[in-house]
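S.K.: Chains as they are written, first to last, in the working numbering: chain A, 21 to 228; chain B, 21 to 228; chain C, 21 to 228; chain D, 21 to 228.
We put the beta carbon where it would ideally sit given N, CA and C, even for glycine.
Since we're looking at a predicted model, the values are computed, not measured.
So that we are looking at the same thing, I have put the structure below in structure tokens.
Number of protein chains: 4
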Amino acid sequence: MQTENGPVGRKRASFIERARREQVVEAATETVARFGYAHTSLARIAEQAGISKSVISYHFEGKDELMVLVAERFIEAATERLTAGVGAQTTASGQVSAWISSQVEYYAAHRTGFLAMSDIIVNHRSPDGSSPFGGPLEEEVEELAGILRRGQREGAFREFDPRSTANIILRSTDGLISSWVMDESVDLTSGLASLLDFVHHAIRGDDR
Amino acid sequence: MQTENGPVGRKRASFIERARREQVVEAATETVARFGYAHTSLARIAEQAGISKSVISYHFEGKDELMVLVAERFIEAATERLTAGVGAQTTASGQVSAWISSQVEYYAAHRTGFLAMSDIIVNHRSPDGSSPFGGPLEEEVEELAGILRRGQREGAFREFDPRSTANIILRSTDGLISSWVMDESVDLTSGLASLLDFVHHAIRGDDR
Amino acid sequence: MQTENGPVGRKRASFIERARREQVVEAATETVARFGYAHTSLARIAEQAGISKSVISYHFEGKDELMVLVAERFIEAATERLTAGVGAQTTASGQVSAWISSQVEYYAAHRTGFLAMSDIIVNHRSPDGSSPFGGPLEEEVEELAGILRRGQREGAFREFDPRSTANIILRSTDGLISSWVMDESVDLTSGLASLLDFVHHAIRGDDR
Amino acid sequence: MQTENGPVGRKRASFIERARREQVVEAATETVARFGYAHTSLARIAEQAGISKSVISYHFEGKDELMVLVAERFIEAATERLTAGVGAQTTASGQVSAWISSQVEYYAAHRTGFLAMSDIIVNHRSPDGSSPFGGPLEEEVEELAGILRRGQREGAFREFDPRSTANIILRSTDGLISSWVMDESVDLTSGLASLLDFVHHAIRGDDR
DNA sequence: AATGAATGAGTTTTCATTCAT
DNA sequence: TATGAATGAAAACTCATTCAT
Chain A
21 MQTENGPVGR KRASFIERAR REQVVEAATE TVARFGYAHT SLARIAEQAG ISKSVISYHF
81 EGKDELMVLV AERFIEAATE RLTAGVGAQT TASGQVSAWI SSQVEYYAAH RTGFLAMSDI
141 IVNHRSPDGS SPFGGPLEEE VEELAGILRR GQREGAFREF DPRSTANIIL RSTDGLISSW
201 VMDESVDLTS GLASLLDFVH HAIRGDDR
Chain B
21 MQTENGPVGR KRASFIERAR REQVVEAATE TVARFGYAHT SLARIAEQAG ISKSVISYHF
81 EGKDELMVLV AERFIEAATE RLTAGVGAQT TASGQVSAWI SSQVEYYAAH RTGFLAMSDI
141 IVNHRSPDGS SPFGGPLEEE VEELAGILRR GQREGAFREF DPRSTANIIL RSTDGLISSW
201 VMDESVDLTS GLASLLDFVH HAIRGDDR
Chain C
21 MQTENGPVGR KRASFIERAR REQVVEAATE TVARFGYAHT SLARIAEQAG ISKSVISYHF
81 EGKDELMVLV AERFIEAATE RLTAGVGAQT TASGQVSAWI SSQVEYYAAH RTGFLAMSDI
141 IVNHRSPDGS SPFGGPLEEE VEELAGILRR GQREGAFREF DPRSTANIIL RSTDGLISSW
201 VMDESVDLTS GLASLLDFVH HAIRGDDR
Chain D
21 MQTENGPVGR KRASFIERAR REQVVEAATE TVARFGYAHT SLARIAEQAG ISKSVISYHF
81 EGKDELMVLV AERFIEAATE RLTAGVGAQT TASGQVSAWI SSQVEYYAAH RTGFLAMSDI
141 IVNHRSPDGS SPFGGPLEEE VEELAGILRR GQREGAFREF DPRSTANIIL RSTDGLISSW
201 VMDESVDLTS GLASLLDFVH HAIRGDDR
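Now the structure itself:
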């Protein structure tokens with residue numbers, strides 16, 4: 021259905037092209053963060069970016085591509101940061117701490133992006149009705165579960181179901197950010213400390 | 021804005037009036053759960069209820085009021101159940117368990133309502149762009165924090181920041197339900213066991 | 021995808037409903053006749069009818085349904101007239117004359133409808149890309165071919181390929197109307213006489 | 021409306037200019053034939069030609085000019101061929117056969133062009149809503165009528181109204197092609213034979 | 001001579017809301 | 001009380017055209 025209108029699909033993008041896409045992604049992020057996925061229209065994004073609606077259609081295949089892009093960009097960047105943080109640690113315990121801290125710190129530093137991403141993940145559906153963000157989350161759980169298993173083998177962590185527990189840890193981390201994101205008066209620093217403390221007490225080996 | 025005909029705003033509602041509102045709230049809940057907030061229209065709700073669209077406008081101020089009501093009803097019912105469950109326990113530790121279990125069990129038994137509520141909380145905005153569901157959650161945190169404080173005073177729980185920790189517990193409980201709600205293959209029973217185990221290890225006094 | 025908006029799909033239509041649909045079909049017919057299929061928009065139809073665009077969406081499933089309806093209505097009425105005219109004749113020769121005359125007379129009396137119908141038949145595509153009007157035409161050819169065959173058996177007509185010839189007769193009848201429809205200065209009465217004369221000379225048995 | 025830069029309106033076109041126009045006309049023909057007038061956009065034409073949209077605007081006054089040109093080109097070429105074919109015959113009867121055959125053969129050999137031309141003739145309107153293709157057809161009728169008149173004077177053809185009959189012959193020829201063009205399973209060779217047979221029986225002098 | 005970029009008008013469709021009955 | 005009908009605003013998207021380079 022896509023005719024050769026614009027740059028969509030071309031191999032190499034010009035400088036202007038990349039700059040515009042960046043600008044639009046940025047504006048979309050802010051719009052979703054501010055008004056929520058359901059109230060985000062191309063018109064609002066265009067207004068936020070100070071451009072006309074059709075510029076968006078010119079540079080992107082459609083609203084869907086744009087929304088997915090906003091979420092993916094953020095997830096990629098966060099994952100990169102996470103991998104770096106976790107990789108710098110050697111012990112299972114250190115890696116769990118690094119995981120949580122990296123996540124919280126990155127999200128805290130990119131509040132708008134986090135808001136937009138969560139909203140999109142919850143709401144966005146592919147045309148067939150399925151959510152395109154199920155897979156990545158599942159992988160995350162599995163990876164953290166791997167770290168937990170290693171900690172159990174090494175005796176650093178007590179016995180528990182690694183997958184359930186990984187899920188709980190990830191969810192509570194997300195939850196902490198969410199509570200701060202919705203209400204900035206929440207003290208994130210002390211919240212992070214509490215969370216680390218909480219998690220480590222929950223999983224550490226009994227034979228301290 | 022409102023004509024003098026409708027029942028909206030009248031002090032005392034008739035029986036029929038209340039029954040209709042109930043029916044519409046029910047239909048709205050199912051519609052949001054099934055199609056998501058963004059794809060819920062008054063037409064779909066009316067279809068679900070087997071009534072005409074204008075009935076909704078007649079009985080409710082507008083779509084916004086209805087959406088807020090759907091979420092509030094669910095929260096109220098869950099809270100009631102929670103209060104009962106927690107009240108049946110005497111020890112702080114028992115109350116924490118009861119809190120988590122009641123929540124999980126109630127949500128699990130009312131998947132549709134939970135789905136609708138979460139979707140509405142995440143997406144619904146007042147005309148000015150702000151989310152109207154900050155307050156209630158805050159109260160919940162404070163109440164659970166109170167239980168934790170008592171547990172600390174009584175020596176059942178170790179030292180930690182009660183508010184942060186209450187927040188974490190609530191968020192991880194919500195997170196567990198969410199993961200089940202989005203993917204019913206998740207084993208909620210073992211998930212609940214893991215969560216209880218996790219939380220109690222996290223907060224119990226060190227001197228067992 | 022159709023939610024319970026309006027009366028679309030309901031079993032029994034109200035009087036107003038039927039009147040409005042009639043009015044819209046009428047306006048659509050005139051718009052297509054005047055501006056052509058490609059330049060017919062719902063906005064133009066609405067303007068022609070003196071109603072707002074959304075009235076059309078309320079009473080019809082979409083532009084497609086409306087266009088198909090315009091064509092079908094006309095074809096049905098013309099076919100009815102044709103059947104009556106042809107049925108009143110007993111000889112094959114008389115039936116051929118009746119066929120051509122009925123067609124020409126009906127089309128001549130409903131110029132706008134004819135224009136709209138032809139335009140729609142040529143241009144309209146089902147969502148899958150196919151034309152929904154291939155079948156009916158094919159049937160017409162087959163039916164006229166049947167009459168021709170009978171005439172041949174009875175010795176009224178000479179030998180020729182019935183299907184090809186039926187096709188030619190139908191096409192030239194359509195062609196005659198088209199030439200009048202595009203330029204009203206064409207004398208349709210003498211054109212019809214010529215056509216009847218032409219066709220009968222072309223197909224009559226050699227042994228007169 | 022036109023800036024002083026472009027070549028549009030210049031008296032003498034360069035070689036490149038002519039080549040480009042030719043290329044675009046070619047691409048436009050294929051696009052209209054493939055997708056239909058209503059779904060032909062400059063973007064699609066440009067894609068088909070492997071050039072950018074703005075090239076078209078640069079070389080042509082607008083979409084309208086281009087569409088008209090596509091139809092005119094085809095009509096001119098067909099007319100040239102027709103004139104040659106008819107001119108090679110001396111008898112009126114031979115010229116009628118030649119007319120029909122040339123037309124059918126040319127159209128059959130240039131299906132794409134024929135499709136595009138018919139689509140454009142039917143659909144294209146001047147801004148005021150009128151169709152700009154009435155004239156040329158009128159001339160054709162007159163010319164064929166001339167041949168028929170000569171045949172009548174020479175006794176080869178019987179008495180009939182020459183203009184009406186010319187119109188009928190032209191319309192049935194077009195109709196035959198149309199039926200083949202829309203459904204290639206139609207046997208054009210036998211269709212042509214039938215048509216020639218049909219026409220000659222219709223117009224020949226009674227005194228054979 | 002060519003084009004990437006931009007735009008505004010226009011496309012169909014959806015929808016919350018109003019209103020006469 | 002209820003609703004069929006109507007509507008205007010807004011949605012996503014398309015497209016012919018313009019323009020600076």
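Does the distance from the CB of W200 of chain B to the CB of L208 of chain B come in under 8 Å?
M.R.: yes
S.K.: List the DSSP bridge partners of R224 of chain B.
M.R.: B:F177
S.K.: I'd like the span of the alpha helix (DSSP H) that includes Y78 of chain A, first residue to last.
M.R.: K73 to H79
S.K.: Would you kindly report the start and end of the unbroken alpha helix (DSSP H) that includes V88 of chain C?
M.R.: K83 to G107
S.K.: Using 8 Å for Cβ pairs, my map puts A176 of chain C next to G225 of chain C. What's the rounded Cβ distance?
M.R.: 6 Å
S.K.: Between the region 118-128 of chain A and the region 113-122 of chain B, can you find at least three pairs of beta-carbon atoms closer than 8 Å?
M.R.: No: fewer than three Cβ pairs fall under 8 Å.
S.K.: Who are the neighbours of R191 of chain A on chain B, taking C-beta pairs under 8 Å?
M.R.: R191, S192, D194, G195, L196, S198 and S199
S.K.: Quick check on DSSP: helix, strand or coil for D207 of chain B?
M.R.: coil
S.K.: Against chain A, with Cβ distances strictly below 8 Å, would R145 of chain B count as a contact?
M.R.: By this cut-off, R145 of chain B is an interface position.
S.K.: Can you list, in chain order, the residues of the region 51-72 of chain A whose Cβ is nearer than 9 Å to any Cβ on chain B?
M.R.: Across the region 51-72 of chain A, CB contacts with chain B closer than 9 Å involve R54, F55, G56, Y57, A58 and H59, in sequence order along the chain.
S.K.: Output yes or no for whether 8 Å exceeds the beta carbon distance between T49 of chain D and A129 of chain D.
M.R.: no
S.K.: Using a Cβ-Cβ cutoff of 8 Å, what residues of the region 164-185 of chain A are near chain B? List them in chain order.
M.R.: R178, F180, D181, S184 and T185
S.K.: Tell me, to the nearest whole angstrom, how far the beta carbon of K83 of chain A is from that of L102 of chain A; I am working on the premise that it is less than 8 Å.
M.R.: Incorrect: roughly 29 Å between the Cβ atoms, too far for contact.
S.K.: List the residues of chain D that S210 of chain C touches, going by C-beta distances under 8 Å, in chain order.
M.R.: Within 8 Å Cβ-Cβ: D181 and S184.
S.K.: Let me check understanding here. Comparing Cα to Cα, which of C:E100, C:R178, C:V88 and C:G114 lies closest to H221 of chain D?
M.R.: Proximity to H221 of chain D across C:E100, C:R178, C:V88 and C:G114 peaks at C:R178, based on C-alpha coordinates.
S.K.: Is the CB-CB distance between R40 of chain D and H79 of chain D below 8 Å?
M.R.: In this structure, R40 of chain D sits near H79 of chain D, with a CB-CB distance shorter than 8 Å.
S.K.: What does the alpha-carbon distance come out to for the pair F180 of chain D and H59 of chain C?
M.R.: 40 Å
S.K.: Give the secondary structure of D148 of chain C by DSSP, where H, G and I count as helix, E and B as strand, and everything else as coil.
M.R.: Looking at D148 of chain C - three-state DSSP - the assignment turns out to be coil, as it is neither helix nor strand.
S.K.: Using 10 angstroms around the beta-carbon of G171 of chain B, count the other beta-carbons present and answer buried if the total reaches 16, otherwise exposed.
M.R.: buried
S.K.: Determine, for P152 of chain D, whether the minimum Cβ-Cβ distance to residues of chain C falls below 8 Å.
M.R.: no
S.K.: With a threshold of 7 Å on Cβ separation, who are the neighbours of L89 of chain D within its own chain once the five nearest residues in sequence on each side are excluded?
M.R.: V45
S.K.: Quick check: is the beta carbon of D148 of chain C nearer than 8 Å to any beta carbon in chain D?
M.R.: It does not; no Cβ of chain D falls within 8 Å.
S.K.: Check the Cβ of S214 of chain A against every Cβ in chain B and list those closer than 9 Å, keeping chain order.
M.R.: F180, D181, R183, S184, T185, N187 and I188
S.K.: Thinking C-alpha only, which one of A:V206, A:T132, A:E81 and A:D139 is nearest A47 of chain A?
M.R.: A:T132
S.K.: Quick one: what does DSSP say F153 of chain D is sitting in, helix, strand or coil?
M.R.: Coil, per DSSP.
S.K.: Quick one: which chain A residues come within Cβ less than 8 Å of H15 of chain B?
M.R.: There is no way to answer for residue 15 of chain B, as the model of chain B reaches only from 21 to 228.
S.K.: Would you tell me roughly how many angstroms separate the C-alpha atoms of Q22 of chain A and V142 of chain B, rounded to the nearest one?
M.R.: With a pLDDT of 39 at Q22 of chain A, under the threshold of 50, the modelled position of that residue is not reliable, and no figure is offered here.
S.K.: Quick one, are the C-beta atoms of S184 of chain C and G211 of chain D less than 8 Å apart?
M.R.: yes
S.K.: Out of A:A33, A:I36, A:V52 and A:F134, point me to the one whose CA is closest to G149 of chain B's CA.
M.R.: A:V52
S.K.: Under a CB-based cut-off of 8 Å, is F218 of chain C close to chain D?
M.R.: yes
S.K.: Which value, in whole angstroms, describes the spacing of the CA atoms of E244 of chain B and E85 of chain B?
M.R.: Here chain B has residues from 21 to 228 only, and residue 244 of chain B is not among them.
S.K.: Mapping the DSSP letters down to three states, classify T132 of chain D as helix, strand or coil.
M.R.: In this structure, T132 of chain D counts as helix in the three-state DSSP scheme.
S.K.: I want to verify the contact list: residues of chain A whose CB lies under 9 Å from the CB of A222 of chain B, in sequence order.
M.R.: D217, F218, V219, H220, H221, A222 and I223
S.K.: I'd like to know if V88 of chain C contacts chain D, where contact means its C-beta is closer than 8 Å to some C-beta of that chain.
M.R.: no
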